[in-house]
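K.L.:
Numbering (this note's numbering), first residue to last: 55 to 365. Glycine included, every Cβ here is placed at the ideal spot set by N, Cα and C. Below: one structure in structure tokens.
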Ligand SMILES: [Zn+2]
């Protein structure tokens with residue numbers, strides 16, 4: 055009892071000293087009180103949200119399409135924007151806050167290990183098929199802010215496991231994350247592929263034996279979690295796969311993606327998946343659910359001036 059009373063007395067003394075320090079500080083300090091974060095709530099209009107920010111943020115051409123892609127891909131996840139006292143912009147998404155642009159110029163390896171939200175959209179995913187040779191280190195969608203996907207899908211192996219459901223995929227039962235429409239999107243891919251496989255039995259071998267979905271692990275050679283960690287990626291038949299680590303580095307430049315069945319790629323892309331074959335660091339059996347990357351690619355297609363080849 056004495057102990058508790060002592061604690062209370064000490065607590066009261068601490069409170070009074072703090073109050074005194076605050077009052078003295080307020081009386082004699084000429085510095086303004088440190089400014090709190092400025093918060094801008096998102097309702098349903100991205101343009102209006104960005105226009106409500108200070109002028110300096112209006113010059114970033116990617117900010118509106120990136121926010122629009124995130125809002126479209128992960129319904130109700132985008133909550134607000136915050137500007138810190140150092141003028142850094144944070145995106146409040148799925149209950150967490152993510153720095154939009156850390157201002158650091160990075161190599162592609164550094165972007166893989168320490169991306170910010172803007173880095174995730176560094177390369178625009180090409181929606182055209184078939185794709186052939188790609189510029190060096192062109193890896194659209196390969197840069198991921200792990201903390202964002204942990205907030206969206208589960209922040210540990212067991213948390214992700216509890217969000218998983220069994221989805222039927224071309225005659226296989228696989229575990230896939232049910233959050234943000236991921237498992238439904240995989241089921242829709244399967245429904246799209248079924249008539250296609252009946253029509254073209256020669257492409258059935260790509261999906262008759264799968265190499266896996268849910269697997270909590272880092273991407274080989276990086277600090278970044280694989281999308282398989284979140285049960286939002288699927289590997290098709292490993293016998294049909296080409297992977298950049300399996301070939302000599304000199305072959306990355308000449309690797310052709312043209313022989314991969316376009317119908318399979320397009321069926322996945324229609325449901326918000328990206329294909330690992332469209333990376334310089336190719337992984338052709340790998341598809342991952344990245345609706346924000348597909349949404350951003352679509353907005354870039356409609357806003358970009360048409361190229362000279364007329365595509
Ligand atoms: Zn994979």
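For residue 137, which of 146, 130, 252 and 131 has the nearest alpha-carbon?
P.N.:
When each option's Cα is compared against that of residue 137, the closest is 146.
K.L.:
Going along the chain, which residues of its own chain have a beta-carbon closer than 6 Å to the beta-carbon of residue 330, five neighbours each way excluded?
P.N.:
Closer than 6 Å at the Cβ level, and outside the excluded window around residue 330, lie 337 and 340.
K.L.:
At a threshold of 7 Å, does residue 340 count as lining ligand 1 (C-beta to nearest heavy atom)?
P.N.:
Yes, the beta carbon of residue 340 sits closer than 7 Å to at least one heavy atom of ligand 1.
K.L.:
In the DSSP output, what is residue 134 paired with across the bridge?
P.N.:
In DSSP, residue 134 forms a bridge with 95 and 146.
K.L.:
Could you tell me which residues DSSP puts in a beta bridge with residue 231?
P.N.:
DSSP lists 218 as partners of residue 231.
K.L.:
Please classify residue 217: is it buried, with 16 or more other beta-carbons within 10 angstroms of its beta-carbon, or exposed?
P.N.:
It counts as buried.
K.L.:
Under three-state DSSP, which class holds residue 350?
P.N.:
It is helical.
K.L.:
Quick check: the Cα distance between residue 86 and residue 106, rounded to an integer number of angstroms?
P.N.:
Here residue 86 scores only 48 on pLDDT, less than 50, and its place in the model should not be relied on; the value that follows carries that caveat. Those two C-alpha atoms are separated by around 24 Å.
K.L.:
Relative to the C-alpha of residue 199, which candidate in 103, 284 and 130 has its C-alpha closest?
P.N.:
For residue 199, the nearest C-alpha among the options comes from 284.
K.L.:
Examine the Cβ distances between the region 167 to 180 and the region 243 to 252 and report whether three or more of them are shorter than 8 Å.
P.N.:
The region 167 to 180, when compared against the region 243 to 252, does not touch it at the 8 Å Cβ threshold.
K.L.:
Any contact of the region 238 to 250 with the region 189 to 197, i.e. 3+ C-beta pairs under 8 Å?
P.N.:
Counting Cβ pairs under 8 Å, fewer than three are found: no touch.
K.L.:
What did DSSP end up calling residue 281 once you bin it into helix, strand or coil?
P.N.:
Residue state, collapsed to three classes: helix.
K.L.:
For residue 201, which beta-bridge partners are listed by DSSP?
P.N.:
Paired residues: none, contrary to the question.
K.L.:
I'd like the list of long-range same chain contacts for residue 203, defined as Cβ closer than 6 Å, with 5 residues on each side in sequence excluded.
P.N.:
The residues are 284.
K.L.:
Suppose the cutoff is 6 Å on Cβ atoms and the five residues either side in sequence are ignored; what does the same chain contact list for residue 211 look like?
P.N.:
If we look at residue 211 and ignore the five residues flanking it on each side, its Cβ neighbours are 270.
K.L.:
Check each candidate in 237, 243 and 131 and name the one with the smallest Cα separation from residue 224.
P.N.:
Minimum Cα distance to residue 224 is reached at 243.
K.L.:
In the DSSP output, which residue or residues are listed as bridge partners for residue 337?
P.N.:
In the DSSP output, where bridge partners are listed per residue, residue 337 has 297.
K.L.:
Between 151, 108 and 132, which has its C-alpha nearest residue 141's C-alpha?
P.N.:
Answer by Cα proximity: 108.
K.L.:
Does residue 182 come out as helix, strand or coil in the three-state DSSP assignment?
P.N.:
Correct three-state label for residue 182: coil.
K.L.:
Rounded to a whole number of angstroms, what is the C-alpha to C-alpha distance between residue 206 and residue 256?
P.N.:
Near 37 Å, if we compare the C-alpha coordinates of residue 256 and residue 206.
K.L.:
Can you check whether the CB of residue 220 is closer than 8 Å to the CB of residue 267?
P.N.:
Not in contact: residue 267 and residue 220 (Cβ atoms no closer than 8 Å).
K.L.:
Hey, quick one: how far does the alpha helix (DSSP H) through residue 322 stretch, first residue to last?
P.N.:
Where residue 322 is concerned, the enclosing alpha helix (DSSP H) stretches over 316 to 324.
K.L.:
Beta-carbon within less than 7 Å of residue 93's beta-carbon, same chain only, minus the 5 sequence neighbours each way: which residues are those?
P.N.:
134 and 136, listed in sequence order.
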